[in-house]
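A quick write-up on the structure given underneath.
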Amino acid sequence: MARAAVLGAGSWGTAFAKVLAEAGTETTMWARRPEVAKVLATEHRNPWYLPDVALPPLAATDDPAVALDGADIVVLAVPSQSLRANLTAWKDLIPPEATLLSLAKGIETGTLLRMSQVIAEVSGADPSRIAVLSGPNLSHEIAAGQPAATVIACPDVARAEAVQHACATGYFRPYTNSDVIGCEIGGACKNVIALACGIASGMGLGDNSVATLITRGLAEIIRLGVAVGAEPVTFAGLAGVGDLVATCTSPLSRNRSFGRALGAGGTMETALQATHGQVVEGVKSCTSVRALAAAHGVEMPLTNAVHQVCHEGLSAAEAVGQLQGRRLKSE
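Using my numbering, the letters of the sequence shown correspond one by one to residues 117 to 447.
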C-alpha cells in the first residue's frame, strides 16, 4: 500500500485526500492550523472548506514531520504563490525517494517559474521525481463522488503510473501524460480566462460571448504553451480544454465567481467576498502569465485585458471595447 502525505487542507487538498483514501492509499493530511487538523482527524470533516462532505477515516496533523514520515507520495496542495515558502520549510523532511505531486496551478510571481520548476529549485529533487495533476477537477464535485477524470504528468512513466494507481477510484479516473509543461501552462492560464468569462457573465453578456472567450482563450494558451516547450495536443485533452471549460463555466469556480462580481460592478475587495475569502489564483497569475508571454514574444490579449481590469483600473466595458476594436485578421 502506498502512503501519501497531503500538505494543505483547503478545498482541493481535502477533496484529493478523500480520493486517495478511498483509492486505498494510506493518507495523512497536514493542516496549518491545529484546530483544522484536530477536526479532520477526529470528526473526519472539514467545515471550513467542504462543510457538507463526510471524509473517510484518515490521519491529520499540524506537524509536517509527522505527515511526511515514510511518505511515498508528497502532495503539495498549497496556493501557487505560497508554495516556495512552504516547501522551503518542508524540504529537509521529505523522504529522498518520494514522488512530489503538485496540485497548484499558477506561474510564480517574479521568477515566472512553473510550479514543477519551483519544486525542483527549492527541494533539489530531480525533475523525474516531480509530477503535476491537472484536469476538470472542481473540488466540491470530486468530494461529492461525481465522475471525473484528470491527468498525472511526470517525466518518469513508472512514477506517473504509481500515482495513477494511488488515486484511481470508481468516480475518479486518472490518465498519465509526460507533458508536464503543457499541463502546467494549461492549468495556470485557464484561471485567467475563467476570470474573463466571469467578467462577461457579470456584465450580462450571453453564451456567444463566453464561447468566444473560451475559444480565443484556448488559442492564446496554446501559443504560450508551444513557445515554452509544450506539446500542442495536450491542450486538446483534460488538462487543456477540459479544465478550461469547467473553470470558465461552473458557478463552483472561484475564478469565474470572482470575475462575475467584478463584471457586475464590484471592487476587488467586494469580489473577494464572492469566493468567501478563498485564494483566487488567476488574480495574481494574470500578471505572471502576461510577463511570461512577453518574455517569449507571445501575444495574449485576453490575459492582458484581465490584468488591466484587476490591477490597472480598466473597466470591464473598456476591456470589451479594447478587445473588439483590435485589428481584423485571419483566425
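Ideal Cβ positions, reconstructed from N, Cα and C, are used throughout, including at glycine.
According to DSSP, residue pairing for residue 253 in a beta bridge does not occur. Excluding its 5 nearest sequence neighbours in each direction, residue 165 has C-beta neighbours in its own chain below 7 Å: 126, 127 and 130, listed in chain order. The Cβ-Cβ distance between residue 248 and residue 203 does not fall below 9 Å.
If you look at residue 146, you'll find it isn't in any alpha helix (DSSP H); it sits in the beta strand (DSSP E) that goes 142-146. Per DSSP, residue 365 is not a residue of any beta strand (DSSP E); the alpha helix (DSSP H) it occupies stretches across 359-365. Residue pairing for residue 215: DSSP places it in a beta bridge opposite 189.
Secondary structure of residue 301 (DSSP, three-state): helix.
DSSP, read as helix, strand or coil, puts residue 210 in coil.
In this structure, residue 359 sits near residue 252, with a CB-CB distance shorter than 9 Å.
Within 10 angstroms of the beta-carbon of residue 262 lie fewer than 16 other beta-carbons, which makes it exposed. Taking 9 Å as the cut-off, the Cβ atoms of residue 153 and residue 143 do not count as close. The C-alpha of residue 209 is placed about 24 Å away from the C-alpha of residue 155. Listed in chain order, the non-local C-beta contacts of residue 439 below 8 Å within the same chain comprise 417, 418 and 421, local neighbours out to five positions each way being set aside.
Here residue 431 is exposed, its C-beta having fewer than 16 other C-beta atoms within 10 Å.
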